[in-house]
Structures are given as C-alpha cells and as structure tokens.
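2 protein chains.
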Amino acid sequence: MANIKDVAERAGVSVATVSRVLNGRSPVAETRERVLAAVQELGYRPNNVARALRTARTGALGLIISDLTNPFFTELADAVEDEARSLGYSLVIGNAGERPAQQDDYIRTLLDRRIDGLLVSSAGTGSAMLREVVASGTPLVLLDRSVPGIDAPCVRADGRAALTELAGRLAALGRRRPAIIVAPAGTPTGEERLALFRAALAAHGLALPDERVGSTPDLQHTGGRRVMSAFLDLPEPPDAVLATDNLMALGAMDELRARGLRVPDDVALVVYDDVPWFTHTDPPLTAIAQPTRELGRAAVHTLLARIEGRPADSVLLPAHLVPRRSCGEPPTP
Amino acid sequence: MANIKDVAERAGVSVATVSRVLNGRSPVAETRERVLAAVQELGYRPNNVARALRTARTGALGLIISDLTNPFFTELADAVEDEARSLGYSLVIGNAGERPAQQDDYIRTLLDRRIDGLLVSSAGTGSAMLREVVASGTPLVLLDRSVPGIDAPCVRADGRAALTELAGRLAALGRRRPAIIVAPAGTPTGEERLALFRAALAAHGLALPDERVGSTPDLQHTGGRRVMSAFLDLPEPPDAVLATDNLMALGAMDELRARGLRVPDDVALVVYDDVPWFTHTDPPLTAIAQPTRELGRAAVHTLLARIEGRPADSVLLPAHLVPRRSCGEPPTP
DNA sequence: CCTCCCCAAGAAATCGATTACACCTCCGAT
DNA sequence: ATCGGAGGTGTAATCGATTTCTTGGGGAGG
C-alpha cells in the first residue's frame, strides 16, 4: 500500500506538504492540485495507526455491553454505534456476557488499544478494573447501570413515573398481591427498581413483602423461571408480577404456561424494557419502555464532552409504560 | 501512562531488553525479574498502537453486519466475537443497517484502521468496495451472504435438507398452495432459497408459481407485511407461507392478524432463522434454524487461515427444520 | 595463556504519520 | 534601499514499540 512518502515523491513535494494538504492546513491551489492528483493516482489512504500514534487519538470509542444477545442492549449498542459513527468515531464493541471476568479482560484490551473513551454497561459489581480506567485518565461514561464508588457520569432511565402509573393500574384492576423479579441485592439498578416499585405500590395501599421479591444472580431465562416457580409455590401466590428484564420475563412466562396458568387471567405480567416483538407474544406483553436510542445518543454525547474536556453530568431520561394485554388491559388495536 | 522507556530506566536496562523480556525472547532469569518488577511497579502496559505500526499487525478483525437489530445477526456477531476473542483478536463491529452506502463507508474506515482481516455479511449487492478490499490485500471472508464476482471464501448455511423436509411436511398436512416471501431477484441468498424451496415442493407435486413468490427490497417488518397483504388479495391465496427472514415473518403475521386470519388454521407460517423467543409467539413459529454459532466460529477460523496464509475454502453447514405449531404441528411440550 | 565462539544486552534504524522550527521569497512600509 | 512580516515549504524530531546490527564479556579448547 502506498504511503505518504510515495505520494510526496510523485507530487514532487515533501511529506510535510502532503500532510498539510490532506489536513486542510495550507491550501495553495497549485501545490494542492498536484498532491491530490498523486493521492488519486496511487489510491493513497492515510495509515490511521501511524496517525494515532503521533496524535494520541485513535478516533475509536469502546463499548462494553453486558449481554449482546439481550434485545435491549442490542438496540442500545445500535444507537450508540449510529451516533458515534455520525460524529466520526468508530466503535469497538466488547460483549461481557454478564461475566465480570470477561468484562475486565475486555476493558484491558480496549485500554491497550488506546481508545479515546469508554462506555460501560457494567456486568455485576466488579469495579476494580473500572477504577483502573478512571486512574488511567481514559474518559469513562457508565451506561444504564451505575456503579457505586466510580467517579464517572452515568446515563440511564428513570422508571419512577412509569412505575407509579403501573401501580395505579394494577390497583385499579383489582390486583392485590404484586411481586417483582429483580437482580440480587447489591446491584444498584435492581435495588432502585425494587424501591421505586414498592413505594409506588404503597401509594395505592398495596404491600410488596419480601416473600414476593424474587431475585436471581442469573439474569436470564432460567433464573426468571426459577423465581416464578417459587412464587407459585407460595401459599398466597402473586396475582401480578413485574420482571425487571425481558429474558427473565420469558422464563417466567414459560413457568406459568407449564403450570397451565393464564396471563393475565391468573397472573398479570409486566416487563422492564420494551422489545419490538412483545406485540407478538401470547399474550402481548405490557412493558416499561426505556428510551433506548436516546440513552445511546446521550451517552455518546456525554462521553465526547469528557473527551474534549468539557464538563459532563449524569443524564436521567424518563421511561414510560406501554400497556398491553398481559396486565389485563383491553387488546390494543 | 508509563512507556517502555520508563520501564527500561527503572530496571536499568535498555528498551530493547524490555521488549525482549515482554515478548519472551531472551529469558535470563536475573534481568527478567528486574524488568518484570519494573513493569509491575509502573503498571506498564504496552501501547498497542505503536506495536501495530511496527509489526503491521493490529490484532483486530472487522465485522460488517447487515443489521445489528436482527436477532439472527446479533447471535452471529456474538459468536464471531466470542471466537475472535478466544483466539486473541478483538472485533470492530460495523453495522450496515442494510444500507450499501453505509456499508462501504464502514469498510473504508476499517481498512484505514488496518484491521488484520474482514468479515462481511453484505448488505445488497454493492461490491465495488469489496473489490477494493480484495485489491488491498486485506484477507476477506464473506458471511451468510455470498457476493458474485468477489474472490473470497464464503461461510454460510445450506438449507436444502431443511427445505426438503419442510416441503414433505406441508404436503403431508394437505397444504396445496405454498408461497414464499424472499429478497428481490439479484440477491444470491434469496434466489437460492427460492430455487431450493421450489425444487423441494416439486418433488411432492406442489407448484410455486410466480404469483406466490413475493419479494421486497425492504427486508424488514413492513416489507413482509406488504407482501403478505398482496398474497391475501389473490383469487387463490396461499395456505402456507415461508418467510425467508424473521423480521419479514413478523410483518406477515401482523397482516394475518389484522385480517382476522388464524395461524396455522388458515395459513401455515414458517420462518427462516430460529430465534429464542419463537417459542413464545402466538402461535409458536416453525423455523428453519441455521447453525448460527457454528457459522460464526467457522468464519473466524476461515479468516484466520487466510491471514496466516493458509488455504481456506468456503464452508457450507446444514440448516435444520424446527417444527412448531405455526405450520400445523401438534404443540411442542 | 591466548584465541575463538556464543550469547546477552545496548545502540540505532524503522514503521508512517504530524508538527515545531528554520528558511526562503515576496511584498509593503519606513 | 532596507527592514520586517507573512506565508509557503522543507528538514528533522517525535510518538512507542520491534528488530537488526554491533559490541563486550565469559567459557571452552588448544
């Protein structure tokens, strides 16, 4: 592949001039033409590796995503990618697969590659490596999940309004025994969702006792199913369940189906995170929709602010409730 | 951040020695210890950008995916990422969003970043840039979708057996008027699926006339819905439809539902690509499952073979049929 | 005791760009 | 006429690693 020296020779100028022309520094028509012609003829493309070494800017952002196969995170990644690209950055995606060790491994790799900034939707609570990121001076923004003790802005959704509305509807529909499936204590996101839901229910005179708070470290299908099974074995099983993740919700639904129970007749089901195909499930699922694409965009902007040394605060965007049949609503058209 | 010079000074050796120790070249116990100690104390990490410049190897692979929000490609990307990582490469993902222009843009960026190799699940037929990739000497492997005129190995699934089985079942279930929703003529994948399905049906005495071949350039939800609508307006509407993409299938299902038709009673529906939540749709969807993860793995291995100068052939892995209720099977447990 | 060889380690070139600095030329002002 | 400034261009330093070439010291063999 042709390099800048070849171009310089062909155009009869020095490499400095070529560089200047290409970076739009000193455009003297005549010289400029010759250089651009040479670039054309040789099909020259600047080597980004060399450029990055010299300028200490790679033009790449890193994104650590907790689980790429989870549709919520997929859409998030897609939005981040879009926004980064439109701002001239490319994106290196690392999929933690909900495994803290793998996440650390990936962060390490990204730091070694000298990405300009890092977005992390953290798996678990392992923050040792995140502390290193901060120490290394690499701009960091947390996404969707905050991590205590890490000094970095966090971009995420606020479920308060949606949960308040949900509690009201459940109460109005006559549900008396709500339950929640949530990430284990110690995960900030999980604790927050639990607290907000509980408070919202209390406002309508509904209690959320500990026996109807089910948690599982396995934030997947099987975890959701196991928790639902435990719920149904209670002397007074719940008549409305909020699953704080879409995969767990599917597991829960499997368990209900396996026991011959019907949604929403026997148990209402509500899911955190809306996904396009929720309209196609049986029954269509009521969801708490996070503003996914906006979160992605905001995260990129916040990160860029940090990269450029501008001040950057945390961002909180409102989630909203999307009522469908699974919580006892009339079918949507 | 500490660099190799700092380490050298601290250990009282030259940079060359540090480099050798770190790359396991000259292991003299005593010197080695001192260097490693210095590395520890300074928290030194080699700068991959500098290393890449010198060695002309970045240790990164590129993956162009036609649509990241399509669950099939998500799983594919996940598998590729896993495999690449386990082999010491990191992955830069570019999402073409089914737009050829964006795809070209991304390929350009990846080439400029001097990735070691490129995997492309191509959007559309635009192959001008792919030709450039080949010309640039960057190892290239096509994934899922072959591109005529591009001299690169292609890793994809073979639907013959699955389609043959499907045709047999449809015939046995008494379906007489099969139809297919497919990518427009000119896309190799679409044409192949059409030809295979038609041949398989013919073996059971079923015809697939052109009026029951619906295509749409929009490989998404709306495209699928439009085609299904046209089918249903035929004097003799189909009684079994194969959608060659999962998003198009959802669109088709929406149209059926909107018209008050029932699956599979009125129309049987079969989908290309299996997705975890197909068991949760109403009704559960019969699918032709591609060996997604194996495809991803194979693609990485094929690419690595090319990178290392070993010969690499195209790979064809068998897809298989997963019968569920939407094509008239008994409910699966 | 001298020579030769081998091996470890240092010095310096190199990868391909950007950029500080020096130089040269041309022009206008004093 | 001379000086100063400005603008364009070339020379060379630089980024941080790897790698080639060179050097020096120690051990073995004569």
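Chains F and W, in that order, give the protein sequences.
In terms of UniProt numbering, the numbers along the first sequence are unbroken and rise by one, the last being 333.
In terms of UniProt numbering, the numbers along the second sequence are unbroken and rise by one, the last being 333.
Where is the CB? At the ideal position from N, CA and C, for every residue including glycine.
Quiz item: Leaving out five residues before and five after residue 44/F in sequence, what residues of the same chain have Cβ atoms less than 6 Å from its Cβ?
Solution: 2, 7
Practice problem: Could you tell me which chain W residues have their CB closer than 7 Å to the CB of residue 189/F, listed as they occur along the chain? | Solution: Per Cβ cutoff of 7 Å: no residues; residue 189/F is ~22 Å from chain W at best.
Quiz item: Any idea if residue 103/W is buried or exposed, counting beta-carbon neighbours within 10 angstroms, 16 or more meaning buried?
Solution: buried
Quiz item: So what's residue 18/F in DSSP terms, helix, strand or just coil?
Solution: helix
Quiz prompt | Residue interval of the alpha helix (DSSP H) (run including residue 254/W) | solution = 246–258
Exercise. State the Cα-Cα distance for the pair residue 289/W and residue 318/W, rounded to the nearest angstrom.
Key: 9 Å
Practice problem: Please name the residues in the stretch 2–21 of chain W whose beta-carbon is closer than 9 Å to at least one beta-carbon of chain F, in chain order. | Solution: none
Quiz item: Any beta-carbon of chain F closer than 8 Å to the one on residue 155/W?
Solution: no
Quiz item: Quick one: does residue 48/F have its CB under 8 Å from some CB of chain W?
Solution: yes
Practice problem: Please look up how many angstroms separate the CB atoms of residue 115/W and residue 61/W, rounded, as I've assumed it's under 8 Å. | Solution: 6 Å
Exercise. Could you tell me the distance, in whole angstroms, from the CA atom of residue 14/W to the CA atom of residue 20/W?
Key: 10 Å
Quiz prompt | Per-residue contacts from residue 95/W into chain F (C-beta, under 7 Å) | solution = 78, 81
Quiz item: residue 148/W and residue 275/W: beta carbons closer than 8 Å?
Solution: no
Quiz item: What residue does the beta strand (DSSP E) around residue 158/W start on, and which one ends it?
Solution: 154–158
Quiz item: With DSSP run on the structure shown, which of helix, strand or coil describes residue 91/W?
Solution: strand
Quiz item: Interface residues of chain F around residue 303/W at Cβ under 8 Å?
Solution: What residue 303/W touches in chain F: nothing, since even the nearest Cβ is about 17 Å away.
Quiz item: Can you name the residues of chain W whose CB is closer than 7 Å to the CB of residue 343/F?
Solution: Since the first and last residues shown for chain F are 1 and 333, residue 343/F lies out of range.
Quiz item: To which residues does DSSP link residue 341/W through a beta bridge?
Solution: Here chain W comprises residues numbered 1 to 333, so residue 341/W is not present and cannot be evaluated.
Quiz prompt | Short CB-CB distance (under 8 Å) between residue 58/F and chain W | solution = yes
Quiz item: Does the beta-carbon of residue 262/F have 16 or more other beta-carbons within 10 angstroms, so that it is buried, or is it exposed?
Solution: exposed
Quiz prompt | Range of the contiguous alpha helix (DSSP H) that encloses residue 49/F | solution = 48–55
Quiz item: Taking just the CA atoms, how far does residue 227/W sit from residue 236/W?
Solution: 15 Å
Practice problem: Take the Cβ of residue 55/F as the centre, count every other Cβ of all protein chains shown within 10 Å, and call the residue buried at 16 or more, exposed below. | Solution: exposed
Quiz prompt | CA-to-CA distance, residue 91/F to residue 79/F, given in whole angstroms | solution = 11 Å
Self-check item: Straight-line Cα distance separating residue 201/F from residue 210/F
Solution: 14 Å
Quiz prompt | Residue-level contact to chain W via CB, residue 286/F, 8 Å cutoff | solution = no
Exercise. On the DSSP bridge assignment, give the partners of residue 181/F in chain order.
Key: 214/F, 243/F
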